[in-house]
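Novice:
Numbering (the numbering used here), first residue to last: 2 to 204.
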């Protein structure tokens with residue numbers, strides 16, 4: 002089973018790349034979705050509330066991710082605390098899903114994880130493909146599609162840059178760098194070429 006890790010900052014087009022790979026026959030593991038579901042785990046829920054307080058809960062006593070983000074994106078120590086709680090859970094679920102796909106006979110699995118390298122999950126995949134985009138293009142995308150304004154994006158980016166490895170090192174640790182500065186049609190052609198030249202040849 003060949004496992005590709007898709008990494009990159011918010012708005013670069015990771016999910017689009019993954020969707021193309023799924024169309025071509027890969028199975029998908031979405032680490033971000035797993036991370037969102039982590040707050041439903043009772044042990045993680047209790048630990049997060051004990052550290053960050055009931056102020057992060059909504060009226061239904063569920064973790065409000067926006068309130069939690071306001072805290073961790075403005076305080077690196079808080080971000081590290083949150084990651085130390087959530088990352089082991091995410092990794093455990095990722096490994097379970099990989100075993101599921103391996104037992105099912107899957108040939109190619111894609112792991113979408115923005116923090117793949119930062120979290121120390123490089124050993125989980127055979128190759129890392131990092132998706133990158135010009136900052137101005139990213140800002141346009143997140144504003145039109147995600148409704149995120151530039152100020153909040155800068156907070157997210159600053160927190161990721163403090164937490165993440167430096168870009169040159171990230172590129173060194175990636176087998177493929179996808180520059181997503183053009184159209185979706187162009188991106189799909191690039192992914193298709195990689196599928197033919199790297200993925201199919203590995204099987």
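Glycine included, C-beta positions come from ideal geometry on N, C-alpha and C.
Predicted model only: the values in this text are computed from it and were never measured.
From residue 46 to residue 34, what does the alpha carbon distance come to, in whole angstroms?
Specialist: For residue 46 and residue 34, the distance between alpha carbons rounds to 16 Å.
Novice: If we count the other Cβ atoms within 10 Å of its Cβ and call it buried at 16 or more, is residue 61 buried or exposed?
Specialist: Per the 10 Å Cβ criterion, exposed.
Novice: Tell me residue 29's beta-bridge partners as DSSP assigns them.
Specialist: For residue 29, which the question treats as bridged, DSSP gives the partners 111.
Novice: Kindly identify the DSSP beta-bridge partner or partners of residue 8.
Specialist: Partner(s): 131.
Novice: Taking Cβ to Cβ, would you say residue 8 is nearer than 8 Å to residue 115?
Specialist: Yes, these two residues count as a Cβ contact at 8 Å.
Novice: Determine, using beta carbons only, whether residue 4 and residue 99 come nearer to each other than 8 Å.
Specialist: Contact flag set, yes.
Novice: Quick one: measure Cβ to Cβ for residue 27 and residue 109, integer angstroms, because I've assumed they're closer than 8 Å.
Specialist: About 4 Å separates the two Cβ atoms, so the contact holds.
Novice: Cα separation between residue 106 and residue 51?
Specialist: So the alpha carbons of these two residues sit roughly 42 Å apart.
Novice: Does residue 23 pass the burial test, meaning 16 or more other C-beta atoms within 10 Å, or should it be called exposed?
Specialist: Answer is exposed; the Cβ neighbour count stays below 16.
Novice: Helix, strand or coil, according to DSSP, for residue 3 in the structure here?
Specialist: If DSSP states are grouped into helix, strand and coil, residue 3 belongs with the strands.
Novice: Contact check, residue 57 vs residue 65 under 8 Å by CB: the rounded distance?
Specialist: Contact holds; Cβ gap of about 6 Å.
Novice: Since I believe residue 133 is in contact with residue 178 (beta carbons under 8 Å), could you give me their beta-carbon distance rounded to a whole number of angstroms?
Specialist: 6 Å between Cβ atoms; contact.
Novice: On the criterion of 16 or more Cβ atoms from any shown chain inside 10 Å, does residue 166 qualify as buried, or is it exposed?
Specialist: Because residue 166 sits at a pLDDT of 44, beneath the cut-off of 50, its placement in the model cannot be relied upon, and the following sentence gives the value as read from the coordinates. With fewer than 16 Cβ atoms within 10 Å of its Cβ, residue 166 is classed as exposed.
Novice: Tell whether a beta-carbon distance below 8 Å holds between residue 86 and residue 48.
Specialist: The answer is yes: Cβ separation under 8 Å.
Novice: Please work out which residues of its chain come closer than 7 Å, Cβ to Cβ, to residue 59, disregarding the five sequence neighbours upstream and downstream, and give them in chain order.
Specialist: So the list reads 65, once near-sequence residues are dropped.
Novice: Quick one: give me the first and last residue of the alpha helix (DSSP H) that residue 188 is part of.
Specialist: It spans 185–195 - the alpha helix (DSSP H) in which residue 188 sits, taken as one unbroken run.
Novice: May I have a chain-ordered list of the alpha helix (DSSP H) segments no shorter than 4 residues that lie completely inside the stretch 28–116?
Specialist: Within the stretch 28–116, the complete alpha helix (DSSP H) runs of at least 4 residues are 32–38, 43–53, 66–73, 77–105.
Novice: Does DSSP put residue 118 in a helix, a strand or coil?
Specialist: The answer is coil: DSSP assigns residue 118 none of H, G, I, E or B.
Novice: Using a C-beta cutoff of 8 Å, does residue 201 count as contacting chain B?
Specialist: Of the protein chains in this structure there is only one, and it is not chain B.
Novice: With a 10 Å radius around its C-beta and 16 neighbouring C-beta atoms as the bar for buried, classify residue 54 as buried or exposed.
Specialist: Residue 54 comes out exposed.
Novice: Can you grab the Cα-Cα spacing for the pair residue 138 / residue 20, in whole Å?
Specialist: Each residue's Cα considered, the two are about 20 Å apart.
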